[in-house]
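Asker: Chains as they are written, first to last, in this note's numbering: chain P, 1 to 323; chain X, 1001 to 1323; chain H, 2001 to 2312; chain W, 3001 to 3495.
By construction, the Cβ of each residue, glycine as well, lies at the ideal position given by its N, Cα and C atoms.
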Amino acid sequence: MQKIQPSPKSANRAALVERLREAGILAILLLGAVVFSFLVPSFFSVDNAINGIGLSAAINTIVAIGLTYVIITGGIDLSVGSTAALAAVIGADLMQRGTPVLLAVLIALAVGAVAGLVNGLLVTRVQLAPFIVTLGTMTFYRGLALSYTGGQPILSLPDGFKRALGGTVLGLPIPLVAALALVALFTVFLKFTRTGQYILALGGNAEAVRLSGINTNRYITLTYVISGVLAAFAALVLIAQLGAAEPILGSGWELSAIAAAVVGGTSLSGGKGNVVGALLGALLLSMLQNVLTLMGVQAFYQLLATGVIIIGAMVIDRYTRGR
Amino acid sequence: MQKIQPSPKSANRAALVERLREAGILAILLLGAVVFSFLVPSFFSVDNAINGIGLSAAINTIVAIGLTYVIITGGIDLSVGSTAALAAVIGADLMQRGTPVLLAVLIALAVGAVAGLVNGLLVTRVQLAPFIVTLGTMTFYRGLALSYTGGQPILSLPDGFKRALGGTVLGLPIPLVAALALVALFTVFLKFTRTGQYILALGGNAEAVRLSGINTNRYITLTYVISGVLAAFAALVLIAQLGAAEPILGSGWELSAIAAAVVGGTSLSGGKGNVVGALLGALLLSMLQNVLTLMGVQAFYQLLATGVIIIGAMVIDRYTRGR
Amino acid sequence: QTFSPDTEKSRVASDQLVKQFGAVPKPAAGVQIGGVMKALSNEYWQLLRTGYLKGGTKYGVKVDAQAPSNESDQIGQLSMMNTMIGKGYKALLISPQSDVNLLPGIVRADKTSLVINVNDAVAPTAQHFVGNIQYDNGVSVANYLLKTFPKGGQIAVIEGQAGVYAAKQRTLGFKTTLAKNPALKIVASVPADWDRQKAFSTARDLLRRYPDLTAFYCNNDTMALGVVEAVKASGRLGKTLVFGTDGINAAYDSIKKGELTGTVDSFPVLTGEVAVEVAVRLLAGQKLPKVIATPQALVMKDSVAKYEQFKK
Amino acid sequence: MLSAQHINKSFSGVQVLHDVQFSLMAGEVHALLGENGAGKSTLLKTLFGMHLPDSGTLSVAGQPVVLGSPRDAQSQGIAMIHQELALIPELSVAQNVLLGNEGREVLNYGQMQARVRPFLEQVGLNVHPATPVKRLTIAQQQMVEIARAVARQARIIIMDEPTSSLTTHEIEQLYRVVRDLTARGVGIIYVSHHFDEIEELADRVTVLRDGRYIGTVQQREVTQDQLVTMMVGRELVAQTAPPARTPGAVRLEVRGLSGDGFRDVSLQVRAGEVVTLAGLIGAGRTEVLRAIYGADPSAGGEVRLEGAAMSRRTPADMMRRGVGFIAEDRRHQGIVPDARVSVNMMLTSWAKGKVGVGERDMLRVAEPQIQQLGIRPANPNQIIRRLSGGNQQKVILARWLSAGCDLLLIDEPTRGIDVASKADIYALIDDLAQAGVAVLMVSSELPEVLRLSDRILVMREGRLAGELAAADASEERILALATGAQTHAKDPAVA
Ligand SMILES: Nc1ncnc2c1ncn2[C@@H]1O[C@H](COP(=O)(O)OP(=O)(O)OP(=O)(O)O)[C@@H](O)[C@H]1O
Ligand SMILES: Nc1ncnc2c1ncn2[C@@H]1O[C@H](COP(=O)(O)OP(=O)(O)OP(=O)(O)O)[C@@H](O)[C@H]1O
Ligand SMILES: [Mg+2]
Ligand SMILES: [Mg+2]
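(1) Would you mind telling me which residues of chain C sit closer than 9 Å to residue 1151 (chain X), beta carbon to beta carbon, in chain order?
(2) Hey, how far is the Cα of residue 3311 (chain W) from the Cα of residue 1177 (chain X)?
(3) At 8 Å on the CB atoms, spell out the chain P contacts of residue 3335 (chain W), in chain order.
(4) The alpha helix (DSSP H) with residue 290 (chain P) in it runs from where to where?
(5) Using a beta-carbon distance below 8 Å, is residue 1127 (chain X) in contact with chain W?
(6) For residue 3262 (chain W), which three-state DSSP category applies?
(7) Distance cutoff 8 Å, beta carbons only. Does residue 2197 (chain H) sit that close to anything in chain P?
(8) Report back the beta-carbon spacing between residue 3411 (chain W) and residue 3437 (chain W) to the nearest angstrom; my notes put them in contact at under 8 Å.
(9) Taking 8 Å as the CB-CB limit, is residue 3347 (chain W) close to chain P?
(10) Report all residues from its chain with a CB closer than 6 Å to the CB of residue 3475 (chain W); omit the five preceding and five following residues, and keep chain order.
(11) Interface residues of chain X around residue 3124 (chain W) at Cβ under 7 Å?
(12) Please look up how many angstroms separate the CB atoms of residue 3039 (chain W) and residue 3233 (chain W), rounded, as I've assumed it's under 8 Å.
(13) Buried or exposed for residue 3176 (chain W), going by 16 or more other Cβ atoms inside 10 Å?
(14) Could you give the distance in angstroms between the alpha-carbon of residue 3460 (chain W) and the alpha-carbon of residue 3187 (chain W)?
(15) Who does residue 3254 (chain W) pair with in a DSSP beta bridge?
(16) In whole angstroms, what separates the C-alpha of residue 2991 (chain W) from that of residue 3326 (chain W)?
(17) Please classify residue 319 (chain P) as buried or exposed, where buried requires at least 16 other C-beta atoms within 10 Å of its C-beta.
(18) What in chain X is Cβ-close to residue 3071 (chain W), meaning under 7 Å?
(19) Could you tell me whether any Cβ in chain H is nearer than 8 Å to the Cβ of residue 1264 (chain X)?
(20) My output table needs one value for residue 69 (chain P): the three-state DSSP class, helix, strand or coil.
(21) For residue 1184 (chain X), would you say it is in contact with chain W, using Cβ-to-Cβ distances shorter than 8 Å as the test?
(22) Please state whether the Cβ-Cβ distance between residue 3281 (chain W) and residue 3167 (chain W) is less than 8 Å.
(23) With DSSP as the reference, label residue 2221 (chain H) as helix, strand or coil.
(24) Can you check whether the C-beta of residue 1271 (chain X) is within less than 8 Å of a C-beta belonging to chain W?
(25) Counting only runs of 4+ residues fully inside the stretch 1096-1169 of chain X, write out the alpha helix (DSSP H) ranges in chain order.
(26) Within the same chain, show all residues whose beta-carbon is closer than 7 Å to that of residue 1183 (chain X), passing over the 5 residues directly before and after it, in chain order.
(27) For a cutoff of 8 Å on Cβ pairs, would you count residue 2166 (chain H) as touching chain X?
(28) So that I know if they touch, is there some Cβ in chain H lying closer than 8 Å to that of residue 1031 (chain X)?
(29) Whole angstroms are fine: how far does the CA of residue 2068 (chain H) sit from the CA of residue 2029 (chain H)?
(30) What I want to know is whether the C-beta of residue 3083 (chain W) ends up closer than 7 Å to one or more non-hydrogen atoms of ligand 3.
(31) Distance check for residue 208 (chain P) and residue 3179 (chain W), CA to CA, integer angstroms please.
(32) In chain P, which residues lie less than 8 Å from residue 2200 (chain H) when you measure between Cβ atoms?
(33) When the Cβ atoms of the stretch 1198-1208 of chain X are set against those of the stretch 3056-3066 of chain W, are three or more pairs found closer than 8 Å?
(34) Check the Cβ-Cβ distances between residue 3194 (chain W) and every residue of chain P, and say whether any is below 8 Å.
(35) For residue 258 (chain P), would you say it is in contact with chain X, using Cβ-to-Cβ distances shorter than 8 Å as the test?
(36) State yes or no: is the C-beta of residue 3011 (chain W) nearer than 7 Å to some heavy atom of ligand 1?
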């Protein structure tokens, strides 16, 4: 009997294989980096890695963390971009009117939380499909953001705010540091808290979790709130850099963030996903954009190259993982 | 014991309940139409029904049929808009160069089929996630379409072609007739052929279908081919209306078509879906747009209203179905 | 064979209208004019709408302007136009999302209402076009650079969405003109899809690769303002010049602050007024040239005050 | 007609089958016996082309074959009834029975239903062929699976625990079907943990233990005890009735509960008492249990826990009040398939704050449970989907045992569990009752009902038909109440 039991060693091996998924993309990232370093002169530099790729990946990473949570439960959140815009214009407007920066930031995050809560309640209480709910709120929140400002951008943000979220710490841009910190935080939260475990289990089989006496609705709603708050935070980081908040900000974020999450190994059918993967996915997509810009590739060919590289990376990933 | 077995009567009743889903949206549509006819003077007219609602619903319906098939198997096709553009510019270019209209149309449809085939093979053979595959090809096909024409529109299409697909038959615009015919065709195909049944079964339990000795890959691939061909056909219908083809055509189609399918009762987790629902969903969305324009609602408030009405319709639908 | 306002022979500058065709005739009572806008999500289109309403008051007609809720809903815009045709406007001022998406609407409207294409995509079958000459947008910035940097320099272009008429023409005008001095080298020309965030990160990448970049030319102001932030973040404010296009309010503010170098203002409010004027003239039976070119000007810090009066 | 020699199979380095052999003759029923996780399903899956063996040979009708997919197996005339149901819920009974076997491209539903009817009759399934499968009970679905295998006209039918969710009546039907088939020369491989079925049907029996071939014997020549010894490597002493217990205060009281599929059910369960809901398939027992737990809404009536009324119940409320629930459909309502054994075991404990989520915390709780229940492989990090069915069931039991509860609702506690483990689980339930836990369970296995219950409530057509105390109960009396027949006039359907 002993002999057919997988030893703890082989269990660890299984865990290792799971981790290979991340490793695969990491490998692709590194491989890409090496190839591009030869192809593109200015690509290989600490500055480009941090301020070129890292910084532009930061926003997408932050949004993708939230989407990873939502997707793990088997849901989807299309409204992140609109939520971001709404939080951004409200926060910026308050700052412009002289509200203390910290308070305005907190209110903007609260706006994100409420937007997420509405999504979550419609999904869990009214039991509508997440796609439809967030398609509806995507439109609705955008409409709110546009009517709030009358379609105008809000231009003058306090310098304190811009420095706080747009500056650097230890030579690293704050958005990047924030993204990395959030990745760490939400990785730990997913893997080492009860709530995180429920979120993962939910995606695997919500009914089983419910029958285990767990209030699944609460945890599902929570993921939408997280997604909303992170979208709002990403918006704040962005407007601190751009120095302006416009109500059309964030359009298309949902697609980039879903792409980052999925490239990073989160399964759209739920139950599986990891936050580090979302970071790697976002980095891969940013690196791609960065290289194409540095190489000065023409508009049409950028599209061709983007398509080929996304699929190519996934194919490589697929085969390095074996099976 | 006899008494507690579901009787044939209750089986029919079950089928009826299933149909209520469609009926629910139909009811919402009709209710909306009646209300709007009173509210908005110019709403209730044949001209408005055909030109204001019909055309945009027709194109969306055709695309949504294909997406319904793909979604039923648990997949997704984001590349429909780009596929449409590619097929449109190639077809239009051929016609402009004097290729016989019928041949050019067939080639355009073949382009759609090949685009779908590539998606299907990447999903089934390489086993990549449909979302990523079609996100990649969405970008790639768009790049192809743009580089094919150098970004220029193709303006002069043969009159024969414009009349054939853009004209009217028995007073009804051909796009609308084509959409209705396709809805009928693909409803029958899904419900009354072996292939259609396998496609439905696949979404319900792919493993069980495989265990029944059925080549599941073939049927999954087929749905992407169908989606590609229908996108190409929708593109042809559109360019016949417009009298011109341009490579940026079709952007955003995926979202409207997914929305139509989902509003019509297709479940994004697969296994459930019907083509008539896609039609009703497309009509509902078009009617909404039309009414808001007729009422002169401004863009920002249109967004608000659209969001509220989409969710509202789904909530009504949810509660009329009971449970 | 394609109609392009930029090269069209039958053309008149809008400030010549009164001189050539006399005062604006009084419209019949109750005439309504409809506007089918491209979208309202960019300030440019809102200003154009303001112009329509102003023109309506000025010339005594009622103007309704509507916009689809996003910039790439081409069939939606067509349905919107169809819907508005059904409502019986005497003239429709259309700003198509693409060159071709409103063509059937133009055919349908032919029987009932007059159609005027107002900026920036060009419907080849439109009878009249009111708007600025996109090609010249690029030319004026290029001329400024030719004059200011005769010894040459490195220039980057931030393009609008690939395949869009305005983006193509502006870039073309810029590049063609700049080619007069080969020492002014275009080192990069990449799209940022009219998007501030994309323009920002693209510009950062470019500044890293070309730290001594002389100037950015951007296809619109939204992107230019994103580029300005990138230039600031790289500490090159004042060293790398940034030019935008459109002349939105935010661009003026930025110019006044000394951040944005300049914008090619195409005076959207004025354009809107002119479009209404043209409609009123045509409805009164006047024969006008096919293209009514609206003014444009490169606005820079020294000339802001002069042009700001048109912003009201 | 089918033979397998020297079959070896391992999964990610763990060998599951060691040099196993098996053969099947035309017209025979060959039973495959072994404990949970012994490798029965794995062997059958290699015979059906779902797994390629690492080494070994297969031959059909004397010809060596390589079965690379279920398609290959089907073309060799092999059909299989899977341990986990493999039906398409959205399709009708007729469509499921004929799936992959429709014949023409264009479907004619009338004709399909007509084609299917004889098979449904043959298995005694009295539902309309147009009924969607998702609306059938598990037992009915199981009969659909059987009808499907029969409809395949296969020469070899593999049945992996076909009776694990059937009641006596359907099992009788199945016997009849099997005899029909063997009379026509079909060979049947039969896996079951029930010795009475093996005794009734099997010609030969092959026993596996720990993935090794132990031997093949003529069924008639061995006793049940000998088979058990072959299976578990030691002798088991069977017990047939519960130990004497003295129930305490009323813990659960249900008054006039009604809902979908049942009406006006009243019952009580006391601390330290095991009460069973018995009855035929579709009698509404599952529904009652789910309604008590708040898993489904109920239409009327009252549920009280230790005297306190629980109106608007949810599973979370009930769990917090010390109620546990183990659902009937393990795959869809029990396990989180892609999660590890430890996570599956901890779900409820976490909610009660009994364990942290650290690896060490989990091991501290999981390891003793794995030991106590004999879960194999004894690896808390294994993905539960890869466990044998019986072992999955034990993990779910462990979920509630580690969390602790005062009232446990169990639907079919030993579905798919082997004799040895069954005895363990019975002992466990005894221990729970001894410790004062109230147990309300649903079971379709009459020996199990008699072995465990202090009281038996029999349901018929959604209503309580009667109550039997342990001392008065017998299989006949339970059946009589369940079918509504007079005590001695035998119901022809049951005979
Ligand atoms: N895909 C797999 N990956 C890893 N291990 C597996 C896999 N499938 C089965 N096993 C292991 O192989 C062993 C045999 O499993 P199998 O399902 O054949 O048992 P069984 O005899 O059918 O048990 P039961 O009576 O519970 O159904 C078990 O230890 C199981 O965990
Ligand atoms: N989805 C459904 N819709 C309508 N009736 C249903 C549905 N599911 C089950 N039923 C009916 O409810 C009654 C009771 O069902 P159920 O089979 O679950 O009871 P049970 O006694 O627990 O049987 P089992 O032994 O299979 O667990 C049956 O008449 C069944 O046909
Ligand atoms: Mg088994
Ligand atoms: Mg039951």
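Answerer: In brief:
(1) Absence of chain C from the displayed structure is noted, the protein chains being P, X, H and W.
(2) For this step, residue 3311 (chain W) is matched to residue 311 along the fourth sequence. For this step, residue 1177 (chain X) is matched to residue 177 along the second sequence. Taking the straight line from one Cα to the other gives about 55 Å.
(3) Here residue 3335 (chain W) refers to the residue found at position 335 of the fourth sequence. The contacting residues are 205 and 208.
(4) As a first step, residue 290 (chain P) must be located in the first sequence, where it is residue number 290. Looking at the DSSP string, the run of the alpha helix (DSSP H) that includes residue 290 (chain P) is 275-294.
(5) The residue labelled residue 1127 (chain X) in the question sits at position 127 within the second sequence. No, its Cβ sits nowhere closer than 8 Å to a Cβ of chain W.
(6) Start at 1 with the first residue of the fourth sequence, and residue 3262 (chain W) comes out as number 262. DSSP places residue 3262 (chain W) in strand when its eight states are reduced to three.
(7) For the purposes of this step, residue 2197 (chain H) is taken as the residue at position 197 of the third sequence. Yes, its Cβ sits closer than 8 Å to a Cβ of chain P.
(8) The residue labelled residue 3411 (chain W) in the question sits at position 411 within the fourth sequence. The residue labelled residue 3437 (chain W) in the question sits at position 437 within the fourth sequence. With a Cβ gap of about 16 Å, residue 3411 (chain W) and residue 3437 (chain W) do not count as contacting.
(9) Position 347 of the fourth sequence, counted from the first residue, corresponds to residue 3347 (chain W). Cβ-Cβ to chain P under 8 Å: yes for residue 3347 (chain W).
(10) Here residue 3475 (chain W) is taken as the residue at index 475 of the fourth sequence, counted from 1. Only 3446 meet the Cβ criterion.
(11) As a position in the fourth sequence, residue 3124 (chain W) is number 124, starting the count at 1. Chain X residues near residue 3124 (chain W): none, gap ~10 Å exceeds 7 Å.
(12) Working through the fourth sequence from its first residue, we reach residue 3039 (chain W) at position 39. Working through the fourth sequence from its first residue, we reach residue 3233 (chain W) at position 233. Their Cβ separation, rounded to whole angstroms, is 15 Å, which puts residue 3039 (chain W) and residue 3233 (chain W) out of contact at 8 Å.
(13) On the fourth sequence, position 176 is the one that residue 3176 (chain W) refers to. Counting Cβ neighbours within 10 Å, residue 3176 (chain W) comes out exposed, since fewer than 16 surround it.
(14) Taking the first residue of the fourth sequence as position 1, residue 3460 (chain W) is located at position 460. Taking the first residue of the fourth sequence as position 1, residue 3187 (chain W) is located at position 187. Rounded to whole angstroms, residue 3460 (chain W) to residue 3187 (chain W) spans 37 Å at the Cα level.
(15) Here residue 3254 (chain W) corresponds to residue number 254 of the fourth sequence, with the count starting at 1. Answer is W:3267 and W:3303.
(16) Residue 2991 (chain W) is absent from the structure shown; chain W starts at 3001 and stops at 3495.
(17) Along the first sequence, one-based indexing puts residue 319 (chain P) at 319. With fewer than 16 other Cβ atoms within 10 Å, it is exposed.
(18) Residue mapping note: residue 3071 (chain W) aligns to position 71 of the fourth sequence, counting from 1. Result: 1213.
(19) Residue numbering aside, residue 1264 (chain X) sits at position 264 when the second sequence is read from its first letter. False, the Cβ-Cβ gap to chain H never drops below 8 Å.
(20) Translated into positions along the first sequence, residue 69 (chain P) becomes position 69. Helix, per DSSP.
(21) Within the second sequence, residue 1184 (chain X) is the residue found at index 184, counting from 1. Output row for residue 1184 (chain X): interface = no.
(22) Here residue 3281 (chain W) refers to the residue found at position 281 of the fourth sequence. Here residue 3167 (chain W) refers to the residue found at position 167 of the fourth sequence. Yes; because the gap between Cβ atoms is below 8 Å, this pair is in contact.
(23) Position 221 of the third sequence, counting from 1, holds the residue named residue 2221 (chain H). If DSSP states are grouped into helix, strand and coil, residue 2221 (chain H) belongs with the helices.
(24) Taking the second sequence and counting its residues from 1, the one referred to as residue 1271 (chain X) is at position 271. Judged by the 8 Å Cβ criterion, residue 1271 (chain X) is in contact with chain W.
(25) 1101-1124, 1130-1149 and 1159-1166
(26) The sequence position of residue 1183 (chain X) within the second sequence is 183, counting from 1. Cβ within range, chain order: 1061, 1065, 1275, 1276 and 1279.
(27) Translated into positions along the third sequence, residue 2166 (chain H) becomes position 166. So no, residue 2166 (chain H) is outside the interface.
(28) Taking the first residue of the second sequence as position 1, residue 1031 (chain X) is located at position 31. Not an interface residue.
(29) Here residue 2029 (chain H) is taken as the residue at index 29 of the third sequence, counted from 1. Here residue 2068 (chain H) is taken as the residue at index 68 of the third sequence, counted from 1. Residue 2029 (chain H) and residue 2068 (chain H): Cα-Cα distance of roughly 29 Å.
(30) As a working mapping, residue 3083 (chain W) is identified with position 83 in the fourth sequence. Flag set: Cβ of residue 3083 (chain W) near ligand 3.
(31) In the fourth sequence, the residue the question calls residue 3179 (chain W) occupies position 179. In the first sequence, the residue the question calls residue 208 (chain P) occupies position 208. So the alpha carbons of these two residues sit roughly 38 Å apart.
(32) The count along the third sequence starts at 1 and reaches residue 2200 (chain H) at position 200. In chain order: 241 and 242.
(33) no
(34) On the fourth sequence, position 194 is the one that residue 3194 (chain W) refers to. So no, residue 3194 (chain W) is outside the interface.
(35) Locating residue 258 (chain P) in the first sequence gives position 258, counting from the first residue. Yes, because at least one Cβ of chain X sits closer than 8 Å to the Cβ of residue 258 (chain P).
(36) Translated into the one-based positions of the fourth sequence, residue 3011 (chain W) becomes position 11. Correct: residue 3011 (chain W) has its Cβ closer than 7 Å to ligand 1.
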